[in-house]
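Trainee: Each number in our numbering comes from the position in the sequence shown (counting from 1) with 545 added on.
Beta carbons are placed, not taken as given, at the ideal position from N, Cα and C, and that holds for glycine.
Below: one structure in structure tokens.
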Amino acid sequence: MQADPASERIWTAALIVIGDEILSGRTQDRNIAQLATWLNVQGIRLAEVRVVADQPDAIAEAVNTLRARNDYLFTTGGIGPTHDDITVDAIAAALGVAVIEHPEARAILEDYYTTRGGVTPARARMARTPEGASLIPNRVSGAPGIRIGNIFIMAGVPHITAGMLDALTGTLEGGRPVVSGTVGCWVGESEVADLLRATEKAHEGVAIGSYPFFREGRTGANFVVRSPDPALMETCLADLTRALQATGRDVVPGGI
């Protein structure tokens, strides 16, 4: 049966991680990995990531660059209640639209903070959106995320980001989900570089990632085979296993 051309299209997304605290090293970002994993399930590839300081011009430039060359753009960070949470303003400026108080977002905050001290002026900032935006539900802390065009503006706190991604599951158009399989081997990455390259070349539509490590006083590597075609992935993984074993090495299914 001929494959549906739409299912073969590669859908891409970019992520802008916003925050001086990330660039200073005070906070370690965890959203890149969780977004990449979530996107794979949606059939979308995370193509690029940029970390940007809390500077309006830098945010706006990154937004306009990355939204133009990807199907989707996600941002994390800078949408809280404090004065230095400037993501909404910067993205509105990038799009050339006004910032408004979103009535639905305001109602959500009023309800959430009814027994939590009410909506203070600081908390009310979390109802501000670029004009024309819709909301991303936030079941964790009330304040919603924001969608405008192909841009998804989300919180920087990882567990809140995870809740917003859960709310978006199944709502984005994408291709076939990427599946993966892993094997591990006590071998130096450079020793099998040609073998990896040849195996990948022999299986069009498959990518092989190599992840070396030093453990227990020995050098090893895990090899991850990825493809949107489960059967192709399994075939390549089996061929890679046989090729490694043919060099006299033990292979550990699932990785070391």
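Just to confirm the assignment, what range does the alpha helix (DSSP H) spanning residue 654 have?
Mentor: As a first step, residue 654 must be located in the sequence shown, where it is residue number 109. Segment 648 to 657, the alpha helix (DSSP H) holding residue 654.
Trainee: Is there contact between the segment 649 to 659 and the segment 617 to 626, where contact requires at least three CB pairs shorter than 8 Å?
Mentor: no
Trainee: Can you tell me whether DSSP reads residue 555 as helix, strand or coil?
Mentor: Working through the sequence shown from its first residue, we reach residue 555 at position 10. The answer is coil: DSSP assigns residue 555 none of H, G, I, E or B.
Trainee: Do the segment 694 to 706 and the segment 754 to 763 touch if we need at least three Cβ pairs shorter than 8 Å?
Mentor: The segment 694 to 706 makes no contact with the segment 754 to 763: fewer than 3 CB pairs, one atom from each, lie closer than 8 Å.
Trainee: Can you tell me whether DSSP reads residue 764 as helix, strand or coil?
Mentor: Counting from 1 along the sequence shown, the entry for residue 764 is found at position 219. Reduced to three states, the DSSP call for residue 764 is strand.
Trainee: Is it buried or exposed for residue 735, if we count other Cβ within 10 angstroms and need 16 for buried?
Mentor: By one-based count along the sequence shown, residue 735 stands at place 190. Looking at its Cβ environment, which holds fewer than 16 other Cβ atoms inside 10 Å, residue 735 is exposed.
Trainee: Below 8 Å, can you find three or more Cβ-Cβ pairs linking the segment 723 to 737 to the segment 763 to 780?
Mentor: yes
Trainee: Using a threshold of 9 Å, state whether the C-beta atoms of residue 666 and residue 680 are closer than that.
Mentor: Residue numbering aside, residue 666 sits at position 121 when the sequence shown is read from its first letter. Residue numbering aside, residue 680 sits at position 135 when the sequence shown is read from its first letter. Contact annotation: residue 666 and residue 680 have beta-carbon atoms that are not nearer than 9 Å.
Trainee: Output the boundary residues of the alpha helix (DSSP H) element that contains residue 783.
Mentor: Start at 1 with the first residue of the sequence shown, and residue 783 comes out as number 238. Segment 775 to 791, the alpha helix (DSSP H) holding residue 783.
Trainee: Considering only residues of the same chain and omitting the five flanking positions on each side of residue 554, which have a CB-CB separation below 8 Å?
Mentor: As a working mapping, residue 554 is identified with position 9 in the sequence shown. Same-chain partners within the cutoff: 720.
Trainee: Roughly how many angstroms lie between the CA atoms of residue 614 and residue 561, to the nearest whole one?
Mentor: Walking along the sequence shown from the start, residue 614 turns up at place 69. Walking along the sequence shown from the start, residue 561 turns up at place 16. So the two alpha carbons sit approximately 13 Å from each other.
Trainee: Using a 10 Å radius around the Cβ and a threshold of 16 neighbouring Cβ atoms, would you call residue 617 buried or exposed?
Mentor: Stepping through the sequence shown from its first residue, residue 617 is reached at position 72. Buried, because 16 or more other Cβ atoms sit within 10 Å of the Cβ of residue 617.
Trainee: Any idea what DSSP makes of residue 676, helix, strand or coil?
Mentor: As a position in the sequence shown, residue 676 is number 131, starting the count at 1. It is coil, neither helix nor strand.
Trainee: Can the beta-carbon of residue 565 be found closer than 9 Å to that of residue 602?
Mentor: Taking the sequence shown and counting its residues from 1, the one referred to as residue 565 is at position 20. Taking the sequence shown and counting its residues from 1, the one referred to as residue 602 is at position 57. In this structure, the beta-carbon distance from residue 565 to residue 602 does not fall below 9 Å.
Trainee: Given residue 682, which residues of its chain have a CB within under 7 Å of its CB, disregarding the five upstream and five downstream residues?
Mentor: In the sequence shown, residue 682 corresponds to position 137, counting from 1. Excluding residues within five positions, the ones whose Cβ falls inside 7 Å are 689, 712.
Trainee: Just to confirm, is the Cβ distance from residue 636 to residue 592 under 9 Å?
Mentor: If you number the sequence shown from 1, residue 636 lands on position 91. If you number the sequence shown from 1, residue 592 lands on position 47. Not a contact, by the Cβ cut-off of 9 Å.
Trainee: At what residue ranges does the segment 698 to 739 contain a whole run of the beta strand (DSSP E), taking only runs of 3 or more?
Mentor: 724 to 730
Trainee: Applying the criterion that 16 or more other CB atoms from any shown protein chain within 10 Å of the CB defines a buried residue, is residue 700 buried or exposed?
Mentor: For the purposes of this step, residue 700 is taken as the residue at position 155 of the sequence shown. Burial call: buried.
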